[in-house]
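Numbering (the numbering used here), first residue to last: 553 to 616.
We put the beta carbon where it would ideally sit given N, CA and C, even for glycine.
Predicted, not measured: the structure shown is a model, and the values here were computed from it.
What follows is one structure encoded as C-alpha coordinates, with my remarks underneath.
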(Lines of atoms letter the chains of each structure in order from A; the text may use other names.)
(Lines give C-alpha, C1' and ligand atoms only; values in the text may rest on other atoms or scores of the structure.)
Protein backbone atom coordinates (compact mmCIF):
# COMPACT_ATOMS: atom_id res chain seq x y z
CA UNK A 553 0.00 0.00 0.00
CA UNK A 554 1.44 3.34 -1.06
CA UNK A 555 1.61 6.37 1.20
CA UNK A 556 -0.74 8.29 -1.10
CA UNK A 557 -3.33 5.53 -0.63
CA UNK A 558 -2.83 5.60 3.14
CA UNK A 559 -3.24 9.38 3.31
CA UNK A 560 -6.49 9.16 1.34
CA UNK A 561 -8.11 6.96 4.02
CA UNK A 562 -10.31 8.38 6.78
CA UNK A 563 -9.65 7.77 10.47
CA UNK A 564 -12.27 5.02 10.64
CA UNK A 565 -10.86 3.30 7.58
CA UNK A 566 -7.36 3.56 9.04
CA UNK A 567 -8.53 1.93 12.28
CA UNK A 568 -10.17 -0.91 10.36
CA UNK A 569 -7.11 -1.38 8.18
CA UNK A 570 -4.78 -1.41 11.22
CA UNK A 571 -6.83 -4.18 12.85
CA UNK A 572 -6.87 -6.20 9.63
CA UNK A 573 -3.13 -5.84 9.06
CA UNK A 574 -2.32 -6.74 12.68
CA UNK A 575 -4.36 -9.93 12.27
CA UNK A 576 -2.47 -10.66 9.07
CA UNK A 577 0.84 -10.10 10.86
CA UNK A 578 -0.21 -12.47 13.65
CA UNK A 579 -1.14 -15.15 11.12
CA UNK A 580 2.20 -14.74 9.36
CA UNK A 581 4.08 -15.11 12.64
CA UNK A 582 2.16 -18.25 13.59
CA UNK A 583 2.66 -19.76 10.13
CA UNK A 584 6.38 -19.02 10.33
CA UNK A 585 6.66 -20.55 13.81
CA UNK A 586 4.99 -23.78 12.70
CA UNK A 587 6.91 -24.17 9.47
CA UNK A 588 9.11 -21.61 7.74
CA UNK A 589 7.11 -19.53 5.29
CA UNK A 590 8.29 -19.16 1.72
CA UNK A 591 9.21 -15.47 2.05
CA UNK A 592 9.99 -14.44 5.65
CA UNK A 593 10.47 -10.84 4.47
CA UNK A 594 6.67 -10.57 4.40
CA UNK A 595 6.73 -10.36 8.21
CA UNK A 596 8.93 -7.27 8.11
CA UNK A 597 6.83 -5.71 5.37
CA UNK A 598 3.65 -6.30 7.39
CA UNK A 599 5.22 -4.71 10.48
CA UNK A 600 6.26 -1.65 8.50
CA UNK A 601 2.80 -1.32 6.96
CA UNK A 602 1.17 -1.38 10.42
CA UNK A 603 3.63 1.27 11.59
CA UNK A 604 2.90 3.49 8.57
CA UNK A 605 -0.85 3.13 9.14
CA UNK A 606 -0.51 4.03 12.83
CA UNK A 607 1.66 7.03 11.96
CA UNK A 608 -0.90 8.30 9.43
CA UNK A 609 -3.71 7.81 11.96
CA UNK A 610 -1.84 9.77 14.61
CA UNK A 611 -1.08 12.56 12.15
CA UNK A 612 -4.77 12.86 11.30
CA UNK A 613 -5.68 12.92 15.00
CA UNK A 614 -3.20 15.71 15.70
CA UNK A 615 -4.40 17.70 12.69
CA UNK A 616 -7.88 18.05 14.18
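Buried versus exposed call for residue i [16 or more other C-beta atoms within 10 Å across all chains shown]
i: residue 573; result: buried
i: residue 580; result: buried
i: residue 569; result: buried
i: residue 605; result: buried
i: residue 585; result: exposed
i: residue 614; result: exposed
Proximity to residue i [Cα-Cα], best of the options
i: residue 599; options: 615, 587, 562, 571; result: 571
i: residue 577; options: 561, 592, 559; result: 592
Proximity of residue i and residue j at Cβ, strictly below 8 Å
i: residue 559; j: residue 608; result: yes
i: residue 563; j: residue 612; result: yes
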